[in-house]
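Q: Structure provided below as structure tokens; questions to follow.
In the working numbering, the protein residues as written are 48 to 88.
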């Protein structure tokens, strides 16, 4: 995987993503629905 080439800690990468992305409207609800229907864990 390409992620193996990244040498930063997972936590730092997660923080970077949180600061630089914007979720589409309704995405959180979509993920919640998928979790409730056991499509994802």
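Built from N, CA and C at the ideal position, the CB exists for glycine as well.
1. Mapping DSSP to helix, strand and coil, what is residue 57?
2. Shorter than 6 Å, the distance from the beta carbon of residue 85 to the closest heavy atom of the ligand ATP, or not?
3. Less than 8 Å between C-beta atoms, sequence neighbours within five positions excluded: which residues of the same chain meet that for residue 82?
4. In whole angstroms, what separates the C-alpha of residue 49 from that of residue 60?
A: So, from the listed chains and residues:
1. helix
2. With respect to small molecules bound, the structure shown includes none, and the ligand ATP cannot be examined in it.
3. 88
4. 14 Å
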